[in-house]
Amino acid sequence: MTCFPFSFSRKGGPNRGGGFDVDDEVSGIQNVRLFSYKELRIATEDFRPANKIGEGVFGSVFKGRLKDGKIAAIKVLSAESRQGVKEFLTEINVISEIEHENLVELYGCCVEENHRILVYNYLENNSLAQTLLGGSHSNVYFNWRTRCKICIGVARGLSFLHEEVRPHIVHRDIKASNILLDRDLSPKISDFGLAKLIPPNMTHVSTRVAGTIGYLAPEYAIRGQLTRKADIYSFGVLLVEIVSGRCNTNTRLPIGEQYLLERTWELYEQKELVGLVDAALNGEFDAEQACKFLKIGLLCTQDAPKLRPSMSTVVKMLTGEMEVDDIQITKPGLISDFMDLKVRDTQKAMPEINNTSYNISSGSDNLDNSTLSSGTTAGTFTFTAPDDGSI
Ligand SMILES: Nc1ncnc2c1ncn2[C@@H]1O[C@H](COP(=O)(O)OP(=O)(O)OP(=O)(O)O)[C@@H](O)[C@H]1O
Ligand SMILES: [Mg+2]
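So, in structure tokens, the structure goes:
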């Protein structure tokens, strides 16, 4: 567990919200702005349903105007995801120190009484899930240049979390709904560090949204092996989604086309990758670059985690600093294989993703070489990861 120097100073001045004395609870939290519950209630007009902008596994997100006039996304964590004040603030302290142009900024939080609320910078253009992959509901047009900017921005943000932040952060939930877009359609990764804010027995992986399973690296989904390579797999899926403009899973399509990665591999083998590029671009894209991006997506989703490139290498490939053509690509770890397995193996003790519970404990510095054990029972599986604080 990470330790912090215990000298208390708050970004936003003293907490006048009442409820409990934060100073008694935590004396070592720096850089965290504490909001009173009252301020957030006023900001969201008493958490008015009309101000609700979304809901995830951890709770609801409201749009609100803070006292200083800033617009914020206010995430009210649900009862199950509540953590003790000290643990909560300790993790918040870590997150709020992380700054990067491709990561959502955390303004602060509220820890009054039973409330656990996160206050983020509000992003005007919602998430990639709603805009690019949300069907006809959005009027945002993603031309090829914008898509390139998004892919490279997300890769940079993730590379920063994986390789520059100490201790490293494995996001664990890279997916289209966690990529938010600002006014200029620049991407910001949200929810990083969130996995450590929830009690260890609560799953962080949402299976509520169709297709979420499609982002999970097979070794993570089946054996609970969590390393940076699992994030890289999810990034690869996202990359293919951005180029193709479709979700990783679409059961309304003819069988054989339902799973995006499976289809991508098929077209790659037929040397027809260009056929996967989003028709909404009306042919206005750089075909060579688009195929390169799809190949990088395939490199990231290879079945063997070791073969997947690091995120800094991915950035170099996407920006053209590194060649992709000479690298051999092996078959992706396919979610449909996993589904088949699930169907065939229902009698056996397969981990049931919907009810997955994770139990993580600690120890080394290299997550990618970490030994994770998974004790599987039907319904739940538990794994133990050496903790370098980076999960
Ligand atoms: N900072 C933000 N600015 C603007 N909209 C946001 C912001 N944070 C979240 N949202 C909106 O709220 C929705 C819900 O977010 P939340 O993170 O709770 O759930 P999710 O990402 O959809 O799913 P999951 O809980 O599985 O991660 C998002 O999809 C997005 O539309
Ligand atoms: Mg989210």
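Going by UniProt numbering, 261 is the number at position 261 of the sequence shown; the sequence numbering is gapless.
Backbone N, C-alpha and C define an ideal beta-carbon position, used for all residues, glycine too.
Asked: C-alpha gap between residue 13 and residue 221, whole angstroms; Found: Unreliable placement is indicated for residue 13, whose pLDDT of 39 sits below 50; the coordinate value is still reported in the next sentence. Those two C-alpha atoms are separated by around 43 Å.
Asked: Close-in-space but distant-in-sequence residues of the same chain around residue 43 (CB under 6 Å, 5 per side omitted); Found: 64, 65 and 66
Asked: Of the residues 49, 322 and 303, the one placed nearest residue 215, counting alpha carbons only; Found: 303
Asked: Where the alpha helix (DSSP H) containing residue 95 begins and where it ends; Found: 85-96
Asked: Buried versus exposed call for residue 83 [16 or more other C-beta atoms within 10 Å across all chains shown]; Found: buried
Asked: Distance, residue 282 Cα to residue 312 Cα; Found: 31 Å
Asked: Residue span of the alpha helix (DSSP H) that contains residue 54, given as start and end; Found: Element bounds for residue 54: not the alpha helix (DSSP H) but the beta strand (DSSP E), 52-56.
Asked: Local conformation of residue 244 per DSSP, three classes; Found: helix
Asked: Beta-carbon proximity of residue 241 to residue 133, cut-off 9 Å; Found: yes
Asked: Quiz: which residues have CB nearer than 6 Å to ligand 2 non-hydrogen atoms; Found: 56, 177, 178, 190 and 191
Asked: Cβ-based burial, residue 229 [other Cβ within 10 Å; buried from 16]; Found: buried
Asked: Beta carbon of residue 294 nearer than 9 Å to that of residue 259; Found: no
Asked: Within the stretch 144-191, ranges of the beta strand (DSSP E) (whole runs, at least 3 residues); Found: 179-181 and 187-189
Asked: C-alpha gap between residue 343 and residue 213, whole angstroms; Found: Confidence at residue 343 is low in this model, with a pLDDT of 41, below 50, so the placement of that residue is unreliable and no value is reported for it.
Asked: beta-carbon residue 393 near ligand 1 non-hydrogen atom, thresh 8 Å; Found: Given that the chain is displayed from residue 1 to residue 391, the structure contains no residue 393 and the question cannot be resolved.
Asked: Own chain partners of residue 331 with C-beta closer than 8 Å, once the 5 adjacent residues on each side are dropped; Found: 265, 302 and 303
Asked: CA-to-CA distance, residue 152 to residue 299, given in whole angstroms; Found: 16 Å
Asked: beta-carbon residue 122 near ligand 1 non-hydrogen atom, thresh 8 Å; Found: yes
Asked: Which residues DSSP lists as bridging residue 295, in chain order; Found: Looking at the DSSP assignment, residue 295 forms no beta bridge with any residue, so it has no partner.
Asked: From 288, 262, 90 and 162, residue whose alpha carbon lies closest to that of residue 31; Found: 90
Asked: Run of the alpha helix (DSSP H) containing residue 315, from where it starts to where it stops; Found: 311-319
Asked: Sub-9 Å separation of residue 128 and residue 238 beta-carbons; Found: yes
Asked: Nearest-angstrom Cα separation, counted from residue 271 out to residue 95; Found: 43 Å
Asked: Ligand 1 heavy atom lying under 8 Å from the CB of residue 61; Found: yes
Asked: Complete alpha helix (DSSP H) runs within the stretch 217-275 (minimum length 4 residues, chain order); Found: 218-223, 228-244 and 260-269
Asked: Euclidean distance between Cα positions of residue 194 and residue 322; Found: 32 Å
Asked: CB of residue 188 within 9 Å of CB of residue 174, strictly; Found: no
Asked: Any non-hydrogen atom of ligand 1 closer than 8 Å to residue 157 Cβ; Found: no
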